[in-house]
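Chains as they are written, first to last, in the numbering used here: chain U, 9 to 160; chain X, 9 to 160. Working notes for the structure below.
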DNA sequence: TGGGCTACCATGGGCTACTATGGGCGTCAA
DNA sequence: TTGACGCCCATAGTAGCCCATGGTAGCCCA
């Protein structure tokens, strides 16, 4: 099951390094991508992270837009222009750029949140709040689906 | 019959481990998932647990929503972000995170409740109360069905 | 039908490997 | 030269692995 699941909170050390959670590293290793693809999430104060699978997904999204169109150029810039590929050290740690840390208000800790095919990095408190909101909305959504369809 | 049925109450040991009931382990083994997928239930003070079948169900639910939509992101966060995959030790025990234990008010015991394709973990007293309520509602429902059709 | 035996299960505890984290040192580049 | 980063080693805490034990439920046999 090569999915990013669960969430973890790790801390930055004095050098600004932080460990990627071991289970996530295992998924990345299976993905065959030697490194970590990172980009700011478009609609949340978080970073989207992943491996080959995530990059492919983004390419597919771009391919769905007409070549040379304004939308495609914008999206490509927004997504790839702001992204980085980081290398993990032999202990599975990486150095998060100042730009990213400032954008997320990260100080001494960061939350790693599994989202299936990718994972996100959040400021822990902010994520806790976001999770509560998401749960509330998901409850409403589930209720609607439950009425229309079957199951759950 | 690969369903989670019946309910069991087991206790946490000094290390915080707890045994998954043997019948449930048998179902998980048949499911072919080496581990236990756990997430907070959206609408009850309980945890939803299961194997591959449960994860697939969630993926299917997500896939039914448009990619990059707000609903999908919310649901993915609420479902996957709050979930964990735990491994069972060779005796079929697992370690429940502090987060989950606190959320359910679990102290020294936990109730494992079969729900067909998944099972739930409850604080035993709370579950007893919930069961009574459910029974009452079920009686009402049965009575209504009994009136329309025949049978019982 | 009753008594004894056995296999399974929940639980306990020791040990080890792994993980997250800390810190030193060399190298490369500004 | 100095700072930053990559590589390496050290360490505490913990999660997983293995073996032990007591109780019980099911089974067999008389």
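Glycine residues also receive a C-beta, built at the ideal position from the N, C-alpha and C atoms.
If we cut at 9 Å on Cβ distances, does residue 153 of chain U have a partner in chain X? The Cβ of residue 153 of chain U sits closer than 9 Å to at least one Cβ of chain X.
How long is the line joining the alpha carbons of residue 58 of chain U and residue 46 of chain U, rounded to whole angstroms? So the two alpha carbons sit approximately 7 Å from each other.
If we cut at 9 Å on Cβ distances, does residue 63 of chain X have a partner in chain U? At a cut-off of 9 Å between C-beta atoms, residue 63 of chain X counts as an interface residue with respect to chain U.
For residue 14 of chain X, decide whether its Cβ has a neighbour in chain U, counting only Cβ atoms nearer than 9 Å. Chain U has no Cβ within less than 9 Å of the Cβ of residue 14 of chain X.
Mind checking who residue 153 of chain U pairs with in its DSSP beta bridge? Beta-bridge pairing by DSSP links residue 153 of chain U to no other residue.
Residue 73 of chain X (DSSP reduced to helix, strand or coil): DSSP places residue 73 of chain X in coil when its eight states are reduced to three.
Beta strand (DSSP E) containing residue 48 of chain U: first to last residue? DSSP places residue 48 of chain U inside the beta strand (DSSP E), whose first and last residues are 44–48.
Cα-Cα separation, residue 43 of chain U to residue 93 of chain U: Put simply, the backbone Cα of residue 43 of chain U is about 6 Å away from that of residue 93 of chain U.
Test item: CB-CB of residue 104 of chain X and residue 20 of chain X under 9 Å: A contact, by the Cβ cut-off of 9 Å.
Please classify residue 10 of chain U: is it buried, with 16 or more other beta-carbons within 10 angstroms of its beta-carbon, or exposed? Taking a 10 Å sphere around the C-beta of residue 10 of chain U, we find fewer than 16 other C-beta atoms and assign the residue as exposed.
Using 8 Å as the Cβ pair cut-off and three pairs as the minimum, do the segment 125–136 of chain U and the segment 68–83 of chain X touch? As far as the Cβ criterion goes, the segment 125–136 of chain U does not touch the segment 68–83 of chain X, which means the pair count is below three.
Pairs of beta-carbons, one from the segment 73–80 of chain X and one from the segment 49–63 of chain X, closer than 8 Å: are there three or more? No: fewer than three Cβ pairs fall under 8 Å.
Chain-ordered chain X contacts of residue 38 of chain U [CB-CB under 9 Å]: Those do not exist, as residue 38 of chain U stays about 14 Å from chain X at its closest Cβ, beyond 9 Å.
Out of X:65, X:119 and X:35, state which residue places its alpha-carbon closest to the alpha-carbon of residue 136 of chain X. Checking every option, the nearest Cα to that of residue 136 of chain X belongs to X:119.
Mind listing which residues of the segment 82–99 of chain X have their C-beta closer than 8 Å to chain U's C-betas, in chain order? Hits within the stretch, in order: 82, 83, 84, 85, 86, 87, 88, 89, 90, 91, 92 and 93.
Tell me whether the beta-carbon of residue 87 of chain X lies closer than 9 Å to the beta-carbon of residue 66 of chain X. The answer is yes: Cβ separation under 9 Å.
Go through its chain and collect everything with a Cβ distance to residue 36 of chain U's Cβ below 6 Å, but skip five positions before and after it. Contacts found: 59.
Which residue spans inside the segment 57–115 of chain U form an unbroken alpha helix (DSSP H) run of at least 4? For secondary structure counted as the alpha helix (DSSP H) over 4 or more consecutive residues, the segment 57–115 of chain U holds these complete runs in sequence order: 60–71, 78–84 and 106–112.
Residues near residue 134 of chain X by beta carbon distance below 7 Å, same chain, minus five either side: If we look at residue 134 of chain X and ignore the five residues flanking it on each side, its Cβ neighbours are 53.
Buried or exposed: where does residue 89 of chain X fall if 16 or more other Cβ atoms within 10 Å of its Cβ makes it buried? Looking at its Cβ environment, which holds 16 or more other Cβ atoms inside 10 Å, residue 89 of chain X is buried.
List the whole-angstrom C-beta distance separating residue 26 of chain X from residue 101 of chain X, where the pair is believed to meet the contact cut-off of C-beta under 8 Å. So it is a contact: roughly 6 Å between Cβ atoms.
Tell me where the alpha helix (DSSP H) around residue 37 of chain X begins and ends. Counted as a single uninterrupted DSSP element, the alpha helix (DSSP H) harbouring residue 37 of chain X occupies residues 30–39.
So, at 8 Å on beta carbons, what are the nonlocal neighbours of residue 113 of chain X in its own chain, with the 5 sequence-adjacent residues on each side left out? 53, 131 and 134, listed in sequence order.
Residue of X:141, X:15, X:16 and X:24 minimising C-alpha distance to residue 109 of chain X: The shortest C-alpha separation from residue 109 of chain X is found at X:24.
Going by DSSP, what residue range makes up the beta strand (DSSP E) through residue 27 of chain U? Per DSSP, residue 27 of chain U is one residue of the beta strand (DSSP E) stretching across 25–27.
Element boundaries [beta strand (DSSP E), containing residue 127 of chain X]: Its beta strand (DSSP E) spans residues 126–130.
Answer yes or no: does any C-beta atom of chain X fall closer than 9 Å to that of residue 57 of chain U? Under the Cβ criterion of 9 Å, residue 57 of chain U is not counted among the residues facing chain X.
Environment of residue 55 of chain X [buried if 16+ CB atoms lie within 10 Å]: Looking at its Cβ environment, which holds 16 or more other Cβ atoms inside 10 Å, residue 55 of chain X is buried.
Cβ shell of residue 33 of chain U (< 6 Å), same chain only, five flanking positions each side left out: Sequence-distant partners of residue 33 of chain U (beyond 5 residues in either direction) whose C-beta falls short of 6 Å from its own C-beta, in its chain, are 100.
For residue 16 of chain X, the three-state DSSP class (helix, strand or coil): Three-state result, residue 16 of chain X: strand.
By the criterion of Cβ-Cβ separation under 9 Å, what are the contact partners of residue 139 of chain U in chain X? Neighbours of residue 139 of chain U on chain X, chain order: 85, 86, 89 and 90.
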